[in-house]
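Chains as they are written, first to last, in the numbering used here: chain A, 921 to 1023; chain B, 921 to 1023.
The C-beta atom is built at its ideal place from N, Cα and C for all residues, glycine as well.
Reviewing the structure listed below.
Number of protein chains: 2
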Amino acid sequence: MAYKRQDDFSKSDVEFAGYARALSHPARIAILRVLSTRDSFSCGDIVKVMPMAQPTVSQHLKELRLVGLIKYEIKPPRVIYSLNVKKFQRAEKLWLKNFATEK
Amino acid sequence: MAYKRQDDFSKSDVEFAGYARALSHPARIAILRVLSTRDSFSCGDIVKVMPMAQPTVSQHLKELRLVGLIKYEIKPPRVIYSLNVKKFQRAEKLWLKNFATEK
DNA sequence: GTGAATTATTGCAAATATACGATATTTTCG
DNA sequence: CGAAAATATCGTATATTTGCAATAATTCAC
């Protein structure tokens, strides 16, 4: 009986929780910040600057992909990653809708 | 060998990931939104509107407390919870520092 | 084709997170 | 004091996350 009962919550809350989850690991924050500095990075470029093995980085990239926060383009033999700004705006919008601190 | 290697990342990334983690469950989003509607809620008030058992709600409140997103005040026999706006602003600040989409 | 380069996937072990019944704790009220 | 009310904690079952070696898959250069 230990399960995330997503059906008990609103779609919007589940969506926002998904973005938050993607951001809940410092490696993924670091990856996103790297991606924010330039338009395109290969997976290998990212591996080079991250303190983790290639499969681990690849896995983190996958999670960011799955929630849509990053896009990718296959340019054999590389895969080029970049931020998906639209999704960042979407996440921001949900944040503001719920918790704007309106300074 | 499966551990979060927080030492490999910057303090600020670990801090932000902590806030994101707290927001990564829809129940906690829902709780925070409830708290945002009024100045004070007892634990029981929150349990009443949440689709989960009292110990589960209490546990989620604890996690929100631990990252500082909510404050509490003991008013026997109740415990009164409220948002900690300062922490929300802090989380927002870290977000903007890293990923402002500056529309 | 063979081998090198790049990335994703698999499989597994360990750590964390989730849910909640049972119980402990604290305080109030009669 | 004894019972009720409110909340937190414990214990436990289950699920999810994390990290990485090993390996698969894809493509290029020769």
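1. By Cβ distance, which residues of its chain are closer than 8 Å to Asn1018(A), with the 5 residues on each side in sequence left out?
2. Using a Cβ-Cβ distance under 9 Å, would Trp1015(B) count as near chain A?
3. Counting only the same chain and skipping the five closest in sequence on each side, list residues whose C-beta sits under 7 Å from that of Arg985(A).
4. Within 9 Å of any Cβ in chain A, is that where the Cβ of Asp933(B) sits?
5. When the Cα atoms are used, what is the spatial distance from Gln1009(B) to Ser960(A)?
6. For Glu993(A), which residues does DSSP report across the bridge?
7. Give the range of the alpha helix (DSSP H) segment to which Leu984(A) is assigned.
8. CA-CA distance, Gly927(A) and Lys968(B)?
9. Which residues, in chain order, does the stretch 963 to 990 of chain B contribute to contact with chain A at a C-beta distance below 9 Å?
10. How would you label Met921(A), buried or exposed, when you count the other beta carbons within 10 angstroms and need 16 or more for buried?
11. When the Cα atoms are used, what is the spatial distance from Leu981(A) to Gly964(B)?
12. Could you check where the alpha helix (DSSP H) with Pro946(B) kicks off and where it finishes?
13. Who are the neighbours of Pro911(A) on chain B, taking C-beta pairs under 7 Å?
14. Cβ closer than 9 Å: which chain B residues qualify as neighbours of Arg941(A)?
15. So for Ser960(B), helix, strand or coil by DSSP?
16. Within the continuous alpha helix (DSSP H) that includes Ser932(B), where are the two ends?
17. Could you confirm whether any beta carbon from chain A is found closer than 9 Å to the beta carbon of Ser1002(B)?
18. Rounded C-beta distance between Leu952(B) and Leu1003(B)? I'm assuming under 8 Å.
Taking the structure as given:
1. Counted from its first residue, the first sequence places residue 1018(A) at position 98. Contacts found: Phe936.
2. Taking the second sequence and counting its residues from 1, the one referred to as residue 1015(B) is at position 95. Trp1015(B) counts as touching chain A.
3. The residue given as residue 985(A) occupies position 65 in the first sequence. These residues qualify, in order along the chain: Tyr992.
4. As a working mapping, residue 933(B) is identified with position 13 in the second sequence. Output row for Asp933(B): interface = yes.
5. Residue mapping note: residue 1009(B) aligns to position 89 of the second sequence, counting from 1. Residue mapping note: residue 960(A) aligns to position 40 of the first sequence, counting from 1. Each residue's alpha carbon lies about 31 Å from the other.
6. Counted from its first residue, the first sequence places residue 993(A) at position 73. Note: Glu993(A) sits in a beta bridge opposite Ile1000(A).
7. The residue you call residue 984(A) lines up with position 64 of the first sequence. Element bounds for Leu984(A): 974 to 986.
8. Against the first sequence, residue 927(A) aligns to sequence position 7. Against the second sequence, residue 968(B) aligns to sequence position 48. The sequence shown places Asp at residue 927(A), not Gly. Cα-Cα distance, rounded: 18 Å.
9. Met970, Pro971, Met972
10. As a working note, residue 921(A) is residue 1 in the first sequence. Any reading at Met921(A) is ruled out, since the residue's pLDDT is 44, under 50, leaving its predicted position unreliable.
11. In the first sequence, the residue the question calls residue 981(A) occupies position 61. In the second sequence, the residue the question calls residue 964(B) occupies position 44. Using only the alpha carbons, I get a separation of about 40 Å.
12. If you number the second sequence from 1, residue 946(B) lands on position 26. Here the alpha helix (DSSP H) through Pro946(B) covers 946 to 955.
13. This structure cannot speak to residue 911(A), because chain A is shown only from 921 to 1023.
14. On the first sequence, residue 941(A) is found 21 positions in, with the first residue counted as 1. Think of a sphere of 9 Å around the beta carbon of Arg941(A): the chain B residues whose beta carbon falls inside it are Ala940, Arg941, Leu943, Ser944, His945, in chain order.
15. Reading the second sequence from its first residue, position 40 is the one you call residue 960(B). Looking at Ser960(B) - three-state DSSP - the assignment turns out to be coil, as it is neither helix nor strand.
16. As a first step, residue 932(B) must be located in the second sequence, where it is residue number 12. First-last of the alpha helix (DSSP H) with Ser932(B): 931 to 942.
17. Taking the second sequence and counting its residues from 1, the one referred to as residue 1002(B) is at position 82. No - not a single Cβ of chain A is within 9 Å of the one on Ser1002(B).
18. Residue numbering aside, residue 952(B) sits at position 32 when the second sequence is read from its first letter. Residue numbering aside, residue 1003(B) sits at position 83 when the second sequence is read from its first letter. Sure, about 7 Å apart at Cβ, within 8 Å.
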